[in-house]
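Read through the structure below, which is laid out as structure tokens, and then see the notes.
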Amino acid sequence: MMETSQTKSLSRFARNLLFEWRKLSLQLVGQNIVVAVSGGADSCAMLLALHELKQSRKLSSNLIAAHFNHGLRGAASDADADFVRDLATTLGLRFVGGIQNPKAKIQNAKGNLEQKARRARYDFLREIAQNNDAFAVLTAHTLNDQAETFLLNLIRGSGTDGLSAMKTVRELKFETPRVETSNANSKIYLIRPLLSWARRGATENYCHENKIEFRHDAMNDDTNFARVRVRRQLLPLLESFNPRIVESLSQTATILRQDAAELNRNAENLLKVFVTNGDKLDVSTFGTVTPAMRIGILRLWLKSIRGNLRRIELKHLKALERLAVESENNKRSELPKGEAVWRNNNLLHFVPSNS
Numbered sequence: 017m018m019e020t021s022q023t024k025s026l027s028r029f030a031r032n033l034l035f036e037w038r039k040l041s042l043q044l045v046g047q048n049i050v051v052a053v054s055g056g057a058d059s060c061a062m063l064l065a066l067h068e069l070k071q072s073r074k075l076s077s078n079l080i081a082a083h084f085n086h087g088l089r090g091a092a093s094d095a096d097a098d099f100v101r102d103l104a105t106t107l108g109l110r111f112v113g114g115i116q117n118p119k120a121k122i123q124n125a126k127g128n129l130e131q132k133a134r135r136a137r138y139d140f141l142r143e144i145a146q147n148n149d150a151f152a153v154l155t156a157h158t159l160n161d162q163a164e165t166f167l168l169n170l171i172r173g174s175g176t177d178g179l180s181a182m183k184t185v186r187e188l189k190f191e192t193p194r195v196e197t198s199n200a201n202s203k204i205y206l207i208r209p210l211l212s213w214a215r216r217g218a219t220e221n222y223c224h225e226n227k228i229e230f231r232h233d234a235m236n237d238d239t240n241f242a243r244v245r246v247r248r249q250l251l252p253l254l255e256s257f258n259p260r261i262v263e264s265l266s267q268t269a270t271i272l273r274q275d276a277a278e279l280n281r282n283a284e285n286l287l288k289v290f291v292t293n294g295d296k297l298d299v300s301t302f303g304t305v306t307p308a309m310r311i312g313i314l315r316l317w318l319k320s321i322r323g324n325l326r327r328i329e330l331k332h333l334k335a336l337e338r339l340a341v342e343s344e345n346n347k348r349s350e351l352p353k354g355e356a357v358w359r360n361n362n363l364l365h366f367v368p369s370n371s
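Numbering-wise (our numbering), the sequence shown opens with residue 17 and increments by one.
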């Protein structure tokens, strides 16, 4: 970004954040914004940079620092919450904290520990945004997080959508069903303003420049988690081949996201052609569509019925494609969570669990 008299007094990190903010065409004035702060380097750097922009009058939005205590690490988790509260107070920002009883809720939820924690955290952030008429929740995902997500999805065998990794901006909805309140109709966005440019080293350096000793989550060292193994074992190996592998993988994800968006637009139009009798999929002429488009149509069809694509992998979509194109009637294909798709009279029927 070209340096002007209005931006040269800002730190490089804050200038980059301001440039990204403008590139995303986000408003700088008169909005409530929830900033998710874990206490780690990335989220602390984002909060500090936003505060710097406010101090320099480049941003006049009302910032709310939000921290969700999962309670998974005992006293260390409580210390994280205290740290974020103190940081917000020092910066003159409002703090909102939430706490989760892991035994009562997270451990009883479906899915693995990382997924459970993520759902609980995002539901908390969505609720705080809704209760405070905020238009967005900001999270501090970086280039490193994007590269890790790309590799995790590649290892799992994802299609174009999975390899697109994370979007910079998307609508934030509740992860778990709940009774909506009267002001729940307004869209709230999840925005990741560091995703396309900030590496983890830059966030740590910016914190050090501001004399902030950020928190360290010991679970980020636990190689029982796949993401940690990717971060500590796979990425360093790939960097020995390409020192800028993080940027390269992020760029690849961006290209694939653009391709996926075009594919989804075309698939949405074709889905209307094949859907019949409410939510059945007519596959009598499904073989005339290209394989890539068939997968896209099946993804959208499943999502429209299930509400999400949680636990649906490319292998499930490939099995449905075979059911639609190659199989005879009265056949079925199994899905996760006890769900299935049944073919009868050239129609695909979604079969919920316990049916």
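Yeah, the Cβ is synthetic: ideal placement off N, Cα and C, and Gly gets one too.
Remember, predicted model here, so these are calculated numbers, not experimental data.
Have a look at residue i and residue j and give me their C-alpha separation to the nearest angstrom.
| i | j | result |
| --- | --- | --- |
| ARG310 | ILE261 | 32 Å |
| THR292 | LEU318 | 14 Å |
| LEU250 | LEU363 | 44 Å |
| LEU34 | THR270 | 21 Å |
| LEU223 | ASP58 | This sequence places Cys at residue 223; Leu is not what is there. The alpha-carbon atoms of CYS223 and ASP58 are separated by roughly 9 Å. |
| CYS60 | VAL153 | 15 Å |
| ILE171 | LEU253 | 15 Å |
| LEU188 | ARG110 | 22 Å |
| ALA83 | GLY108 | The sequence as given places His at residue 83; Ala does not occur at that position. Spanning the two alpha carbons is a distance of roughly 16 Å. |
| PRO307 | ILE313 | 10 Å |
| ASN226 | ALA97 | 20 Å |
| GLN131 | THR301 | 38 Å |
| PHE99 | ARG327 | 35 Å |
| GLU329 | GLY175 | 8 Å |
| GLY217 | LEU159 | 10 Å |
| ALA54 | ARG243 | For the sequence presented, residue 54 should be read as Ser rather than Ala. Distance between the alpha carbons of SER54 and ARG243: 17 Å. |
| ASP94 | HIS232 | 13 Å |
| ILE321 | PHE366 | 8 Å |
| GLN274 | ARG186 | 14 Å |
| ILE16 | ARG142 | The structure shown does not extend to residue 16, since the chain spans only 17 to 371, so no value can be given for it. |
| GLU255 | ARG248 | 11 Å |
| LEU40 | ARG73 | 19 Å |
| LEU290 | LYS296 | What sits at residue 290 in the sequence shown is Phe, not Leu. Between PHE290 and LYS296, the C-alpha separation is close to 8 Å. |
| ALA81 | THR239 | 30 Å |
| LEU42 | LEU79 | 14 Å |
| LEU211 | SER27 | 18 Å |
| ALA234 | ALA91 | 12 Å |
| HIS332 | ASN221 | 43 Å |
| GLY354 | GLU36 | 43 Å |
| GLY294 | ILE204 | 30 Å |
| PHE151 | LEU286 | 33 Å |
| TRP213 | ILE144 | 27 Å |
| GLY173 | LEU272 | 15 Å |
| GLY113 | ASN324 | 28 Å |
| ARG38 | GLY303 | 45 Å |
So, is residue i buried or exposed, given that buried needs 16 or more other C-beta atoms within 10 angstroms?
| i | result |
| --- | --- |
| LYS347 | exposed |
| ASN258 | exposed |
| ARG137 | buried |
| ASN236 | exposed |
| VAL305 | buried |
| ALA52 | buried |
| MET18 | In this predicted model, MET18 has a pLDDT of only 38, less than 50, meaning its place in the structure is not dependable; the value taken from the coordinates is given anyway. With fewer than 16 Cβ atoms within 10 Å of its Cβ, MET18 is classed as exposed. |
| THR219 | buried |
| VAL32 | One point to set straight first is that residue 32 is Asn, not Val, in the sequence displayed. Buried is the call here. |
| GLU278 | exposed |
| GLU342 | exposed |
| SER14 | Residue 14 lies beyond the residue range present for the chain, which begins at 17 and ends at 371; the question has no answer from this structure. |
| GLY56 | buried |
Please work out which residues of its chain come closer than 7 Å, Cβ to Cβ, to residue i, disregarding the five sequence neighbours upstream and downstream, and give them in chain order.
| i | result |
| --- | --- |
| LEU75 | LEU44, LEU66 and LEU69 |
| ALA374 | Since the first residue shown for the chain is 17 and the last is 371, residue 374 is missing from the structure and cannot be characterised. |
| ILE16 | In the structure as shown, the chain starts at 17 and stops at 371, and residue 16 therefore has no counterpart that could be examined. |
| THR192 | ARG135 and ASP139 |
| ARG208 | THR155, HIS157, MET182 and THR184 |
| SER349 | ALA335, LEU336, LEU339, ALA356 and VAL357 |
| PHE230 | GLY55, GLY56, ALA57, CYS60 and CYS223 |
| LYS288 | none |
Is residue i close to chain B, meaning its C-beta is less than 7 Å from at least one C-beta of that chain?
| i | result |
| --- | --- |
| TYR222 | The chain labelled as chain B is not found in the depicted structure, where only one protein chain is given. |
Taking C-alpha atoms, which residue in the options lies nearest to residue i?
| i | options | result |
| --- | --- | --- |
| GLN146 | LEU211, VAL100 and PHE190 | PHE190 |
| ARG281 | ASN240, THR219, ARG315 and LEU206 | ARG315 |
| TRP358 | VAL51, PHE241 and VAL299 | VAL299 |
| LEU167 | VAL289, ASN345 and ARG245 | ARG245 |
| ALA133 | THR105, ASP102 and ARG89 | ARG89 |
| GLN71 | GLU36, SER25 and LEU103 | SER25 |
| SER3 | GLY303, ALA276, THR106 and ALA214 | The structure shown does not extend to residue 3, since the chain spans only 17 to 371, so no value can be given for it. |
| LEU129 | LEU325, PHE241 and ASN324 | PHE241 |
Grab me the residues of residue i's own chain with a C-beta within less than 6 Å of its C-beta, minus the 5 sequence neighbours each way, in chain order.
| i | result |
| --- | --- |
| GLY178 | ASN169 |
| PRO352 | ARG327 |
| ARG101 | PHE111 |
| SER77 | GLN47 and ILE49 |
Got a sec? Which residues, its chain only, sit under 8 Å from residue i by beta carbon, not counting five neighbours each side?
| i | result |
| --- | --- |
| GLU284 | LEU316 |
| GLU360 | Looking at the sequence provided, one finds Asn at residue 360 rather than Glu. Cβ neighbours of ASN360 beyond the five flanking positions: ASN345 and ASN346. |
| ALA104 | VAL53, LEU63, ALA81, ARG110 and PHE111 |
Requested in this report: Taking 8 Å as the threshold, find out whether the stretch 263 to 274 comes into contact with the stretch 145 to 165 through three or more Cβ pairs.
Outcome: Judged by Cβ distances under 8 Å, the stretch 263 to 274 makes contact with the stretch 145 to 165, as three or more pairs qualify.
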